[in-house]
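In the numbering used here, the protein residues as written are 39 to 155.
Please read the structure below before turning to the comments.
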């Protein structure tokens, strides 16, 4: 069976967003009990990065495309803050957080460059 490919799947920023989702999923699933709401929020924000990149890439106007890319950037910043919050609560340590925050730094930089002003 031939594999189909959507335009957004060829974007480096989209592939990096998918890498981030894959990286944080096992960390997030380790959050239980009172931390479940943080887990759910983190996973929603992580997914939102990739989903908004994909949706924005399908828009014809720069204004619409930029709006979705800005939302994706906001979700990336939300994830970065979640790393900080979970670190402050001692639910994840720096060694577990660093790879994700490194990806988020790259994502925010890439999204900023993609946004047409």
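Don't be surprised by glycine CBs; every beta carbon is placed ideally from N, CA and C.
These numbers come from a predicted model, not from an experiment.
- Taking C-beta atoms as the reference points, residue 95 and residue 113 fail to come closer than 8 Å.
- Unbroken alpha helix (DSSP H) runs of no fewer than 4 residues, entirely contained in the segment 77-149, are found at 100-126, following chain order.
- For residue 50, the enclosing alpha helix (DSSP H) has its first and last residue at 50-67.
- For residue 92, the closest C-alpha among the options 81, 56, 130 and 154 is that of 56.
- Contact check for residue 66 against residue 80 passes: the beta carbons are separated by less than 8 Å.
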